[in-house]
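Enquirer: Start counting the sequence shown at 792; every next residue gets the next number (the working numbering).
Where a beta carbon is used, it is the ideal one built from N, C-alpha and C, also for glycine.
Remember, predicted model here, so these are calculated numbers, not experimental data.
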Amino acid sequence: MAVFGGLAVVVGRYFFGLQGAVIGLGAAVLFQSIAYFNGHKMAIRMAHGVAFEELDPRSQNQLAWLATANETLSQRAGIPAPKLYISPDPQPNAFAAGRNPSVAVVCFNEGLLKLMPRDEVIAVLAHELGHVKNRDSLLMTVTAAFATFISFLAQLAWLIPRGDNEERNPIVDLLMMILAPITATVIQMAISRTREFGADRAAADLIGSPQPMISALRSLERGTDRIPSTTAQSASAHMYIASPFAGGGLMKLFMTHPPIEERVRALQTAS
792 MAVFGGLAVV VGRYFFGLQG AVIGLGAAVL FQSIAYFNGH KMAIRMAHGV AFEELDPRSQ
852 NQLAWLATAN ETLSQRAGIP APKLYISPDP QPNAFAAGRN PSVAVVCFNE GLLKLMPRDE
912 VIAVLAHELG HVKNRDSLLM TVTAAFATFI SFLAQLAWLI PRGDNEERNP IVDLLMMILA
972 PITATVIQMA ISRTREFGAD RAAADLIGSP QPMISALRSL ERGTDRIPST TAQSASAHMY
1032 IASPFAGGGL MKLFMTHPPI EERVRALQTA S
């Protein structure tokens, strides 16, 4: 959060001078406050999520087992049962968000519920509850908001005219446009790559066996490679249980998630 605020101050100072530095600091504080208190709502809106209680009666009946599993596993984890949401996204994926367990939400893509067997869906739910219990959902929610803001800062290089400002340098403008999104991605990688292993282990502990989580990870890998996401955005990619964007070659260096094979190997070793 300190780095984020400092970046906003530097950018504001560069574009608008001392007054811009003050404006940048104020904008950073405001944006961080919004992310902290409403980040989970922003994430649900991006995913076009619909609350379980707002689904039609037929859908609620079909997914009653998921609501029951949510109550059971949450009680086992010692946290309040998070509110469930369903996204129309056809890609098999899911994420958790919220500043604390009391306001946490878990969102499932329709593709996951349709393509994966029930035991694997429950393993995914246990994984997301692990994020909630470990407070990873706070880190991931706020990081998603930060990434959005940093991407916005990158656009300033093109949207704000240089005018007579002799301190402005077109090369610096270009570097800022290129490096700001990379900075956002590195922050996302630092958060997600370390926390996914912990949530995988938490899921195995909640279920009592690592095998359902291992099977779920392999299904997620096949599904996310084959079916593109219709709602995921780069700013929120790190929140999902598996990367919603396929990539190969050099793109793997910038993936927000550790490779599935490493996560499977970690679970097998722990067991």
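So for Asn861, helix, strand or coil by DSSP?
Expert: Position 70 of the sequence shown, counted from the first residue, corresponds to residue 861. Asn861 falls in the helix class under three-state DSSP.
Enquirer: Given a cut-off of 9 Å on the beta-carbon distance, is the pair Pro1019 and Ala1037 in contact?
Expert: The residue labelled residue 1019 in the question sits at position 228 within the sequence shown. The residue labelled residue 1037 in the question sits at position 246 within the sequence shown. With respect to the 9 Å criterion, Pro1019 and Ala1037 are classified as neighbours on the basis of their beta carbons.
Enquirer: Strictly under 9 Å for the Cβ-Cβ distance: is Arg1017 near chain D by that measure?
Expert: Protein chain content of the structure displayed is limited to a single chain, and chain D is not contained in it.
Enquirer: With a Cβ-Cβ cutoff of 9 Å, do Ile814 and Val915 count as a contact?
Expert: Here residue 814 corresponds to residue number 23 of the sequence shown, with the count starting at 1. Here residue 915 corresponds to residue number 124 of the sequence shown, with the count starting at 1. Contact: no.
Enquirer: Out of Ser1010, Thr1060 and Ser893, which has the shortest C-alpha to C-alpha gap to Leu906?
Expert: Here residue 906 is taken as the residue at index 115 of the sequence shown, counted from 1. For Leu906, the nearest C-alpha among the options comes from Ser1010.
Enquirer: Please state if the CB of Leu875 and the CB of Phe843 are separated by a distance shorter than 9 Å.
Expert: Locating residue 843 in the sequence shown gives position 52, where the first residue counts as 1. Locating residue 875 in the sequence shown gives position 84, where the first residue counts as 1. It is a contact, given that the beta carbons lie within the stated cut-off.
Enquirer: Does DSSP put Ala917 in a helix, a strand or coil?
Expert: Numbered from 1 along the sequence shown, position 126 holds the residue referred to as residue 917. Three-state DSSP puts Ala917 in a helix.
Enquirer: For Ile913 versus Leu857, is the C-beta spacing smaller than 9 Å?
Expert: Mapped onto the sequence shown, residue 913 falls at position 122. Mapped onto the sequence shown, residue 857 falls at position 66. If you check the CB distance, Ile913 and Leu857 come in under 9 Å.
Enquirer: Which first and last residues belong to the beta strand (DSSP E) in which Val813 is found?
Expert: Here residue 813 corresponds to residue number 22 of the sequence shown, with the count starting at 1. No beta strand (DSSP E) holds Val813; the alpha helix (DSSP H) holding it covers Ala793 to Met837.
Enquirer: Could you tell me the alpha carbon to alpha carbon distance between Asn884 and Tyr827, rounded to whole angstroms?
Expert: As a working mapping, residue 884 is identified with position 93 in the sequence shown. As a working mapping, residue 827 is identified with position 36 in the sequence shown. Answer to the nearest angstrom: the Cα atoms are 24 Å apart.
Enquirer: Going by CA-CA distance only, name the one from Ala868, Gly803, Gly902 and Ala872 that's closest to Thr1022.
Expert: Position 231 of the sequence shown, counting from 1, holds the residue named residue 1022. When C-alpha distances from Thr1022 are compared across Ala868, Gly803, Gly902 and Ala872, the shortest belongs to Gly902.
Enquirer: To the nearest angstrom, how far is it from the Cα of Phe937 to the Cα of Met931?
Expert: Numbered from its first residue, the sequence shown carries residue 937 at position 146. Numbered from its first residue, the sequence shown carries residue 931 at position 140. Rounded to whole angstroms, Phe937 to Met931 spans 10 Å at the Cα level.
Enquirer: Where in the segment 878-938 do unbroken runs of the alpha helix (DSSP H), each at least 4 residues long, occur, reported from the N-terminal end onward?
Expert: 901-906 and 909-924
Enquirer: So what's Ala990 in DSSP terms, helix, strand or just coil?
Expert: Along the sequence shown, read from residue 1 onward, the residue named residue 990 stands at position 199. The answer is helix: DSSP assigns Ala990 an H, G or I state.
Enquirer: By the 10 Å Cβ neighbour count, where 16 or more other Cβ atoms means buried, how is Gly999 classified, buried or exposed?
Expert: Residue numbering aside, residue 999 sits at position 208 when the sequence shown is read from its first letter. Result: exposed.
Enquirer: Grouping DSSP H, G and I as helix and E and B as strand, with all else coil, what is Gly1040?
Expert: By 1-based counting over the sequence shown, the position of residue 1040 is 249. Since pLDDT at Gly1040 reaches only 45, below the 50 mark, its modelled position is unreliable, and the value read off the structure follows with that caveat. Helix, per DSSP.
Enquirer: Taking only the alpha-carbon atoms, compute the straight-line gap between Val894 and Ala1057 and give it to the nearest angstrom.
Expert: Taking the first residue of the sequence shown as position 1, residue 894 is located at position 103. Taking the first residue of the sequence shown as position 1, residue 1057 is located at position 266. Straight-line Cα distance between these residues: approximately 30 Å.
Enquirer: Relative to the C-alpha of Pro879, which residue among Pro1050, Phe899, Ala818 and Ala868 is closest?
Expert: Start at 1 with the first residue of the sequence shown, and residue 879 comes out as number 88. When each option's Cα is compared against that of Pro879, the closest is Phe899.
Enquirer: What whole-angstrom Cβ distance do Ala994 and Gly921 have, given they're in contact under 8 Å?
Expert: As a first step, residue 994 is located in the sequence shown; it is residue number 203 there, counting from the start. As a first step, residue 921 is located in the sequence shown; it is residue number 130 there, counting from the start. With a Cβ gap of about 5 Å, Ala994 and Gly921 count as contacting.
Enquirer: Asn925 and Arg986 - do their beta-carbons sit closer together than 9 Å?
Expert: Stepping through the sequence shown from its first residue, residue 986 is reached at position 195. Stepping through the sequence shown from its first residue, residue 925 is reached at position 134. Yes.
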